[in-house]
Every structure is written in C-alpha cells, then in structure tokens.
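> Taking full-length UniProt numbering, the leading residue of the sequence shown gets 1, the next gets one more, and so forth.
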Amino acid sequence: MPSSPLPHSSVGHFDTMHFQDDFCSGPQVATRVSHTPSSSMGQISATPLPDEHFFRPTFRLGKTGTGPIPCSAAQLHILTLLDYVKEQQTAIAAAVNNLAARLGTEAPVAEMPKDISIPLTTVPEVEEFEEWLKDSRNSQAKQNMISALGAVGGQNTKRVTWNILSRLYSDAVAKQINWKGVNGKKCFKEMLTRSLLIRAVRKNQSSTNAADSEIDSYAIRWFNLAPDRGGGRKERSRVKEALTEMAHGN
Numbered sequence: 001m002p003s004s005p006l007p008h009s010s011v012g013h014f015d016t017m018h019f020q021d022d023f024c025s026g027p028q029v030a031t032r033v034s035h036t037p038s039s040s041m042g043q044i045s046a047t048p049l050p051d052e053h054f055f056r057p058t059f060r061l062g063k064t065g066t067g068p069i070p071c072s073a074a075q076l077h078i079l080t081l082l083d084y085v086k087e088q089q090t091a092i093a094a095a096v097n098n099l100a101a102r103l104g105t106e107a108p109v110a111e112m113p114k115d116i117s118i119p120l121t122t123v124p125e126v127e128e129f130e131e132w133l134k135d136s137r138n139s140q141a142k143q144n145m146i147s148a149l150g151a152v153g154g155q156n157t158k159r160v161t162w163n164i165l166s167r168l169y170s171d172a173v174a175k176q177i178n179w180k181g182v183n184g185k186k187c188f189k190e191m192l193t194r195s196l197l198i199r200a201v202r203k204n205q206s207s208t209n210a211a212d213s214e215i216d217s218y219a220i221r222w223f224n225l226a227p228d229r230g231g232g233r234k235e236r237s238r239v240k241e242a243l244t245e246m247a248h249g250n
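(1) Rank PHE223, THR157 and ALA93 by C-alpha distance to the C-alpha of LYS186 and give the top, closest one.
(2) Excluding the 5 residues flanking LYS203 on each side, which residues of the same chain have their C-beta closer than 7 Å to its C-beta?
(3) Between the alpha carbons of VAL201 and ASN156, how many angstroms are there, rounded?
(4) Based on the DSSP secondary-structure assignment, which residues constitute the bridge partners of LEU120?
(5) Under the three-state reduction of DSSP, which class applies to GLY230: helix, strand or coil?
(6) Starting from PHE223, follow the alpha helix (DSSP H) in both directions and report where the run begins and ends.
(7) Please report the Cβ distance between VAL152 and ILE164, rounded to the nearest whole angstrom; I am assuming they are in contact, meaning their Cβ atoms lie under 8 Å.
(8) Name the one or two DSSP bridge partners that ILE198 has.
(9) Could you please give me the residues that DSSP links to LYS186 through a beta bridge?
(10) So the candidates are THR80, ASP228, THR208 and PRO227; which of them puts its Cα closest to the Cα of VAL160?
(11) Flag ASP115 as yes when its Cβ comes closer than 6 Å to any non-hydrogen atom of the ligand SAM, and as no otherwise.
(12) If distances are taken between C-alpha atoms only, which option among ASP228, ALA210 and ARG194 comes closest to ALA219?
(13) So, are the CB atoms of PRO227 and LYS175 less than 7 Å apart?
(14) I believe ARG167 touches ILE118 by the beta-carbon criterion, under 8 Å. Please report the beta-carbon distance rounded to the nearest angstrom.
(15) What does a CB cutoff of less than 7 Å around PRO113 pick up in its chain, not counting 5 residues either side in sequence?
(16) If contacts are defined as beta-carbon pairs under 8 Å, then ALA94 and ALA110 qualify, I think. What distance do you get, rounded to the angstrom?
(17) By the DSSP assignment, the alpha helix (DSSP H) with SER139 in it spans what residues?
(18) Between LEU81 and PHE55, what straight-line distance do the alpha-carbon atoms span, to the nearest angstrom?
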C-alpha cells in the first residue's frame with residue numbers, strides 16, 4: 001500500500017520551524033530594530049549588523065573611559081537603553097537641584113554655556129578655559145555651569161567629584177595635570193577650575209556638606225589614576241612584558 005504524502009504544514013507552523021532551524025544552525029546576521037522609548041534617541045532602521053558590535057558610552061564613571069566596548073547585539077540594545085536611562089536621570093537630578101536651590105533664592109538654570117565644549121581634550125583648551133573663568137563677563141554663565149555640573153550625579157562625595165572631573169577633562173588631558181604641577185604638568189591646585197569643582201560638588205544633594213580638603217583629596221586621587229584609564233594600565237603591562245621578553249632573548 002503506497003505511503004500517504006506528508007501533510008502540508010500551515011504557513012504559521014512552517015515559519016516557526018524555519019525560525020527554529022535558523023536558530024540552531026549557527027550564528028546568523030542580526031538586525032537591529034529600534035524600540036527606544038523616546039524620540040530623542042532617534043529612529044534606527046533594521047539594518048544588517050556584524051557578529052561583533054561596539055557600544056560607545058556617553059557617560060563616564062570613575063575609571064571608565066569613552067572608548068568603544070565590544071558587545072553582542074543584545075548587549076548593545078541593553079547598554080543603549082541604560083545610556084538613555086542615565087540621560088533621563090541626569091535631567092531629573094538637574095530639575096531636583098534647581099527646585100531645592102529655588103526654595104531660598106532664585107537659582108540659575110542648570111545648563112552648560114554654549115561657548116564651552118567639554119570634556120577639555122588638550123592643554124591649550126585647559127588654559128583657554130582658565131581664561132574664560134577669569135573673565136567677569138562670564139559670571140552668570142559660570143553659575144549656570146556650576147549648577148549643571150552639580151547635577152551630574154553620584155552616591156557620595158567621591159563619586160560626585162570623580163564624575164564631574166570626568167565631564168570636565170578627557171583621559172588624555174587629565175594625564176597632563178596633577179595637584180602640584182610637578183614633572184612639567186599643569187598645577188590643579190592653582191587653577192580656577194578647582195574652585196569651580198568644589199562649588200559644583202556642593203551643589204549636589206549627596207555632598208552639600210563636603211569639606212574643601214575632602215574634595216581636594218578625591219581630585220588628587222582622580223588625577224593620579226589618569227594613566228590607568230582608557231586601557232593605560234593594560235598597555236603598560238604589555239610594554240613591560242615585551243621588554244622582559246626582549247631582555248630574556250638577549
């Protein structure tokens with residue numbers, strides 16, 4: 001008796017099986033579809049992506065840099081959403097700080113001056129910023145900048161200080177600054193930016209009572225760690241290993 005032909009699968013069943021076969025057969029080319037909760041992040045069309053992706057963070061915390069971070073497609077989506085959440089949290093923190101300041105007196109708007117671009121990336125930019133702070137015509141803009149930096153966030157005085165410094169200086173230029181200005185570096189202790197930093201740290205609700213000496217100590221530590229950020233420690237380790245191998249080879 002001839003065998004009966006296999007029954008035809010429905011379209012829906014065929015699609016499901018096809019998806020499962022694709023899922024099990026190995027890596028496939030992924031597509032990114034935007035599900036962002038706000039139009040501020042832009043619309044992302046479905047386009048082919050390579051197997052490895054790179055996330056470029058907008059915000060820097062502590063020792064982290066702004067270099068690209070290798071990740072999967074799923075991790076890229078999650079990190080993008082977290083970056084958006086951080087952006088919203090910063091805006092909310094700025095609003096809270098402004099409301100708290102307005103309880104006693106009229107407070108400046110928490111926004112960065114449009115003629116100042118941060119983070120500062122070169123020593124000449126650092127020097128130009130110091131000149132900008134000296135100019136009395138920029139007093140109101142400086143107050144606005146202090147309020148904006150005070151809204152950066154952080155759970156304690158150390159984190160607030162480090163986060164504000166990360167906003168002000170790139171990793172590259174931070175390596176050219178230290179507390180006393182030794183070894184040909186810029187002297188942060190004598191900079192007007194030091195006063196700006198102290199006032200901005202105290203603007204944050206978690207560090208309103210921070211002493212100058214406490215903020216200074218965290219600033220000193222932040223500049224001392226500058227060579228380790230952005231992969232600096234790994235690079236020095238690789239150079240050390242290479243020199244050791246060369247010495248053994250000779």
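We treat Cβ as the ideally placed atom computed from N, Cα and C, and that holds for glycine. Nothing here was measured: the structure is a model prediction, and the numbers come from that model.
Reading it off the structure:
(1) Your numbering for residue 186 matches position 186 in the sequence shown. When each option's Cα is compared against that of LYS186, the closest is PHE223.
(2) For the purposes of this step, residue 203 is taken as residue 203 along the sequence shown, with counting starting at 1. Within the same chain, LYS203 has close Cβ partners ASN97, ILE146, SER147 and GLY150.
(3) Within the sequence shown, numbered from 1, the residue matching residue 201 stands at position 201. Within the sequence shown, numbered from 1, the residue matching residue 156 stands at position 156. Going from the Cα of VAL201 to the Cα of ASN156 covers about 10 Å.
(4) Numbered from 1 along the sequence shown, position 120 holds the residue referred to as residue 120. Bridge partners of LEU120: TYR169.
(5) Translated into positions along the sequence shown, residue 230 becomes position 230. Three-state DSSP puts GLY230 in a helix.
(6) In the sequence shown, the residue the question calls residue 223 occupies position 223. Its alpha helix (DSSP H) spans residues 212-224.
(7) By one-based count along the sequence shown, residue 152 stands at place 152. By one-based count along the sequence shown, residue 164 stands at place 164. Confirmed, Cβ separation roughly 5 Å.
(8) Locating residue 198 in the sequence shown gives position 198, where the first residue counts as 1. Paired residue(s): none; ILE198 is not in a bridge.
(9) Residue numbering aside, residue 186 sits at position 186 when the sequence shown is read from its first letter. Answer is ILE177.
(10) Counted from its first residue, the sequence shown places residue 160 at position 160. Here the closest residue by C-alpha is THR208.
(11) Among the ligands in the structure shown, none appear at all, so the ligand SAM cannot be discussed.
(12) Numbered from its first residue, the sequence shown carries residue 219 at position 219. Considering only alpha carbons, the answer is ARG194.
(13) Residue 227 sits at position 227 when you count from the first residue of the sequence shown. Residue 175 sits at position 175 when you count from the first residue of the sequence shown. Against a cut-off of 7 Å, the Cβ pair of LYS175 and PRO227 comes out as a contact.
(14) Residue mapping note: residue 167 aligns to position 167 of the sequence shown, counting from 1. Residue mapping note: residue 118 aligns to position 118 of the sequence shown, counting from 1. Sure, about 6 Å apart at Cβ, within 8 Å.
(15) To locate residue 113, count along the sequence shown from 1; it is residue 113. Result list for PRO113: ALA141, ASN144 and MET145, in chain order.
(16) Here residue 94 is taken as the residue at index 94 of the sequence shown, counted from 1. Here residue 110 is taken as the residue at index 110 of the sequence shown, counted from 1. Contact flag correct, Cβ pair sits at about 4 Å.
(17) Locating residue 139 in the sequence shown gives position 139, where the first residue counts as 1. Counting along the chain, the alpha helix (DSSP H) containing SER139 begins and ends at 139-150.
(18) In the sequence shown, counting from the first residue as 1, residue 81 sits at position 81. In the sequence shown, counting from the first residue as 1, residue 55 sits at position 55. Each residue's Cα considered, the two are about 11 Å apart.
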